[in-house]
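Structure, as C-alpha cells:
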Amino acid sequence: MTEAPKPAAPAAAGSRASMKKELPEHFKAYKHVWVYVEVERGQVHPVSFELLGEGRKLANKLGVDLAAVVIGPPDEGTRTAVAETFCYGADLAYLVEDPLLTHYRNEPYTRALTDVVNTYKPEILLLGATTLGRDLAGSVATTLLTGLTADCTELDVDADASLAATRPTFGGSLLCTIYTLNFRPQMATVRPRVMAMPERVEKPVGRVITHKLDMVEDDIVTKILSFIPDRDAGKANLAYADIVVAGGLGLGGAENFQLVKGLARVLGAEYGCSRPVVQKGWQPYERQIGQTGKTIRPKLYIAAGISGAIQHRVGVEGADLIVAINTDKNAPIFDFAHVGLVTDAVRFLPALTDAFIRRLSPHNRDRLAG
Amino acid sequence: MHIVVCIKQVPDSAQIRVHPVTNTIMRQGVPTIINPYDLYALEEALRLRDQHGGEVTVLTMGPPNAEDTLRKALTFGADRAVLLTDRFFAGSDTLATSFALSSAIAKVAQVYGAPDIVFTGKQTIDGDTAQVGPGIAKRLKLLQLTYVSRIADLDLAGRTISVERRSEGGVQQLRTTLPALITMLEGTNDMRRGTMKDALRAARAEVVIWSAKDAGIEDLTKCGLRGSPTVVKRVFAPGPRAEKAEMIEITPAARDTADSLLDAIFSRQPKLEADIAAAQAAL
Ligand SMILES: Cc1cc2nc3c(=O)[nH]c(=O)nc-3n(C[C@H](O)[C@H](O)[C@H](O)COP(=O)(O)OP(=O)(O)OC[C@H]3O[C@@H](n4cnc5c(N)ncnc54)[C@H](O)[C@@H]3O)c2cc1C
C-alpha cells in the first residue's frame, strides 16, 4: 500500500508508472482472482459478498476463475459460508478448517491464508477493510513481501492485465491509482459498502479444495480470554440503510439536528452527518459518513448543509439518488448530486418532512409529525 | 521497561488545498502535526511507563523537519527521540516503511535496550492504511494486537500483557506474551498536557538522527521507491458527474418547493414511494 505520495508526486507519478514492468518468472504461475471470505461466529461479513461481486468482474475481464477462501472452525457456519460463496459468484472455494480457527486470531489466520496463497498462487487477493481484514491483510502482505493497496474505492484491470486499484490520497483530497507491478499476489482491501452487493443466485456447491492448518494450539501465543458482543449491535445500521438523511455544518447548530432526525423518522431512514459535526460534538462518531466514517449505498441520500468535500463524497457516491440542499449554488456537492436545491436547509427541512407526510400518509399526520 | 512509539509527521490536512488548475497538492506553508491517532499510542505508552517505570522512545521516519514532531512528543514526556531520515526512504509504501521502521527499532534495541512493547497509532490521517503497524510486527516477530481499546494488565515479570481489542461486533479480550506490538484505537485516552519540566527538557534535548546506514540498513533496495512493490500511476481529482444535477426551482412557498422535490425523487425512484409508505405504516 502506498502512503500519500510526497509533494512532487503528481508530476513524478508519471515517471514511476513508466517504470518497466518485469514480472519475475516465478510469479508468472500466479493466476486467478481470490476473495478472502470473512466469517466470524458463523456469520459471513457482507463485505465479502460485495467483494465476490467485484472479484467476479475482474475474473471475467481476465478470463480466469474466481475463488473464495474460507477460514474457520469445522462447523455449520463455516460450511454454510462455503456454500454461500458459490451463490455469490465463486467458481471454487479454498477451505481451511480447524478448531484452532474458532475465533479470529492473527497468528493462525495469517498462517492459514499465507499457506494457501503460497500453495495455490492467486494473482489478485481481495479482503474487506474491516478490523479483521486490516489486521490480517497487513500481516499476510508483509509475510509474502508483496504490495497491498488499502481502502480502495475502485478496482479494475488494465490492458496488460495488472490490477488498477484506486483509492483516496492526501487525506482524501485526491484519488490515486496504484499498481503492484512486479510482485504477486496483488493485494487490495475495500471497505464495506464501497462495492455493490451482487445478486444472490441459488447454485449448488462447486469445487472445494481443503487445505490443512499446519499448527497446534501450543504454536499460538495469543489466547482469547473472552468475547464481549456489542450491546447495541445492529442499532444504527447506517451503512446498510435504504434511505439516509444527513446534516452538515450548514445546519448551524446541534439543536437543528432535530430536523434531520425528524425527516429520517418519517422516511423510516437512518440519519448521519459530516465529520465536522462529529468534531463539534453535535453527533457521535457512529453517525459520521465519509472516508473516515461509514460508506453508504442507500436508494436515496438527502444531504442538508453539507458542502460535498471529496472525503464526504467517496462515502456517498454509491447512492442511487443524491439530493443536496445547500445555500451555496457553487457548493461541490452539486457536482455529484442528482437533484439539488439552493435554499436554507433549516427552513426547508420541516416543509420537506411535511410534504412526505402529506403525500404518503395524510391520515397519520399528527402521529408522524410528533 | 522500554517502550518504542512510532509516530508520523503529517500535514494538518484540514489546511491542505488542491491547486484548482494543476490538481497538485499545495503543501507550502501547511503546518505539520503529529498524526492525531498516534497521540493515543503515545499517551498509553507514557501511562504504562509512569505505572511500571522505564523509558519511552519515540521514533519517526520522515524529512529532517520531522524533528519538530519528535520535540513535541518530548514535551509530552517521552524520554528519547529518534529521527530516521534519508533520501533513500523517499517514496516508501507501507512495505518499505515497515522495513525501515523495523530496522530502526532493531537498532534502537541494540543501542538502548530491547523494547517490551512497540506502539503505533491505528492509522495515519494522510496514508490512512492501518498497515504499517502489522507490517512492523511481522518483520520483528512481535505479537500483534491491533485496535486495542484498553490495556487490562501488564505483567512484566511474567512477560504477559492482556488487552481489550475492538473486533467486528464486539470486544475481544486477549492475552499474549511480550514483546508485542500494539496499535491503539482512537478516543481511548486523553493526551496529557506536558509539564513545564518536560518542555524545558524537550527544548534542550538532543534528537538522535539516523541515516539508513546509521540504522544498520545495508540493503537499500528494500527502501523507498525501490523497495515499494506498489507504484502510484496516476493522481487525479474526481470530476463532476457527466450528467448535471437537476436543480429544483425555489418558489416563495417552501411547501410548493418541497412538493416539486418529491415529484423529482419519485419520478427517478418510483419504488421508493411504496417503501416509505410501508415504513410509515410500521411506525
Ligand atoms: C483525512 C480527512 C478525512 C476526512 N473524512 C471525512 C469524512 O469521513 N466525512 C466527512 O464528511 N468529512 C471528512 N473530512 C472533512 C471534509 O474535508 C470536509 O471538511 C467536511 O466534509 C465538511 O463538512 P460540512 O460539509 O458539514 O461543512 P462545510 O464544508 O463547512 O460546509 C457547510 C455547507 O453548508 C452550507 N450551508 C450553510 N448554511 C446553510 C443553510 N442554512 N442551509 C443549507 N446549507 C447551508 C454551506 O454553503 C456549505 O456548503 C475529512 C477530512 C480529512 C482531511
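If you read the sequences in order, they're chains D and R.
My numbering applies: residue 1 is where the first sequence begins, and numbers increase by one.
My numbering applies: residue 1001 is where the second sequence begins, and numbers increase by one.
Built from N, CA and C at the ideal position, the CB exists for glycine as well.
Where Glu1043(R) meets chain D, residues with beta-carbon distance less than 7 Å: Residues of chain D passing the Cβ test: none, with the nearest at roughly 19 Å.
Short CB-CB distance (under 8 Å) between Leu145(D) and chain R: Cβ-Cβ to chain R under 8 Å: yes for Leu145(D).
Beta carbon proximity, Phe27(D) to chain R, threshold 8 Å: So no, Phe27(D) is outside the interface.
Whole-angstrom distance between Leu92(D) and Gln288(D), CA atom to CA atom: Gln288(D) and Leu92(D) have their C-alpha atoms some 37 Å from each other.
Bridge partners - Val1056(R), DSSP secondary structure assignment: Under DSSP, the beta-bridge partners assigned to Val1056(R) are Ile1003(R).
Proximity below 8 Å, CB of Ala1152(R) to CB of Glu1164(R): Against a cut-off of 8 Å, the Cβ pair of Glu1164(R) and Ala1152(R) comes out as a contact.
Any non-hydrogen atom of ligand 1 within 7 Å of Gly250(D) CB: At least one heavy atom of ligand 1 sits closer than 7 Å to the Cβ of Gly250(D).
Residue-level contact to chain D via CB, Arg1139(R), 8 Å cutoff: Yes, Arg1139(R) lies at the interface with chain D (some Cβ there is under 8 Å from its Cβ).
Secondary structure of Pro5(D), DSSP reduced to three states: Bear in mind that the predicted position of Pro5(D) carries a pLDDT of just 42, short of 50, making it too unreliable to give a figure here.
Sub-8 Å separation of Leu1059(R) and Leu1095(R) beta-carbons: Cβ distance not < 8 Å, so Leu1059(R) and Leu1095(R) don't count as in contact.
Near ligand 1: Asp344(D) beta-carbon under 7 Å from a heavy atom: For ligand 1, at least one heavy atom lies less than 7 Å from the Cβ of Asp344(D).
Inter-stretch contact (C-beta, 8 Å, three-pair minimum) for the segment 1122 to 1132 of chain R and the segment 129 to 140 of chain D: Flag = yes, the segment 1122 to 1132 of chain R and the segment 129 to 140 of chain D touch.
Bridge partners - Thr149(D), DSSP secondary structure assignment: Paired residue(s): Ala188(D).
Of the listed residues Ile1007(R), Ala1278(R) and His1052(R), nearest to Asn1035(R) (C-alpha basis): The shortest Cα separation from Asn1035(R) among Ile1007(R), Ala1278(R) and His1052(R) belongs to Ile1007(R).
Heavy atom of ligand 1 within 7 Å of Gln288(D) beta-carbon: Checking every heavy atom of ligand 1 against the Cβ of Gln288(D), one is found closer than 7 Å.
Short Cβ contact (8 Å threshold) for Met1061(R) with Phe1099(R): Cβ atoms of Met1061(R) and Phe1099(R): not closer than 8 Å.
Arg359(D) at chain R interface by Cβ criterion, 8 Å: Interface residue, yes.
Beta carbon proximity, Pro1229(R) to chain D, threshold 8 Å: Closer than 8 Å: yes.
Euclidean distance between Cα positions of Thr119(D) and Ala324(D): Roughly 50 Å between the two C-alpha positions.
Assumed close pair Gly52(D), Pro198(D) - CB separation to whole angstroms, cut-off 8 Å: Here residue 52(D) is Leu; the residue named in the question, Gly, does not match the sequence. About 7 Å separates the beta carbons of Leu52(D) and Pro198(D), which is inside the 8 Å limit, making them a contact pair.
Proximity of Thr189(D) and Leu144(D) at Cβ, strictly below 8 Å: No, these two residues do not count as a Cβ contact at 8 Å.
Meets three-Cβ-pair contact criterion under 8 Å: the segment 299 to 315 of chain D and the segment 329 to 340 of chain D: Three or more Cβ pairs drawn from the segment 299 to 315 of chain D and the segment 329 to 340 of chain D lie within less than 8 Å of each other, which places the two stretches in contact.
Cross-chain neighbours of Phe1236(R) in chain D, by beta carbon under 7 Å: Contacts between Phe1236(R) and chain D, judged by CB atoms closer than 7 Å, involve Leu174 and Leu175 in chain order.
Near-chain R residues of the segment 207 to 238 of chain D - C-beta to any C-beta below 7 Å: So the close ones are Val221, Thr222, Lys223, Ile224, Leu225, Ser226, Phe227, Ile228, Pro229, Asp230 and Ala233.
Unbroken beta strand (DSSP E) run spanning Asp1153(R), endpoints: Counting along the chain, the beta strand (DSSP E) containing Asp1153(R) begins and ends at Leu1143 to Asp1155.
Distance between beta carbons of Tyr285(D) and Val278(D), contact taken as under 8 Å: About 5 Å separates the two Cβ atoms, so the contact holds.
In DSSP terms, what Trp1210(R) is bridged to: Checking the DSSP bridge columns, you'll see Trp1210(R) partnered with Leu1084(R).
Per-residue burial, Leu225(D) [other beta carbons within 10 Å of its own, 16 or more giving buried]: With fewer than 16 other CB atoms across the displayed protein chains lying within 10 angstroms of its CB, Leu225(D) is exposed.
Three-way DSSP call (helix, strand, coil) for Cys176(D) in this model: If DSSP states are grouped into helix, strand and coil, Cys176(D) belongs with the strands.
Met1247(R) at chain D interface by Cβ criterion, 8 Å: For Met1247(R), a Cβ of chain D is located within less than 8 Å of the residue's own Cβ.
Cβ-Cβ distance between Leu263(D) and Leu349(D) below 8 Å: Yes, these two residues count as a Cβ contact at 8 Å.
Val39(D) Cβ short of 7 Å to ligand 1 heavy atom set: It does not: the Cβ of Val39(D) is nowhere closer than 7 Å to a heavy atom of ligand 1.
Cβ pair Phe1076(R), Met1184(R) closer than 8 Å: One thing to note: Phe1076(R) has its Cβ no nearer than 8 Å to the Cβ of Met1184(R).
Contacting positions in the segment 28 to 55 of chain D - beta carbon closer than 9 Å to chain R: So the close ones are Glu38, Glu40, Arg41, Gln43 and His45.
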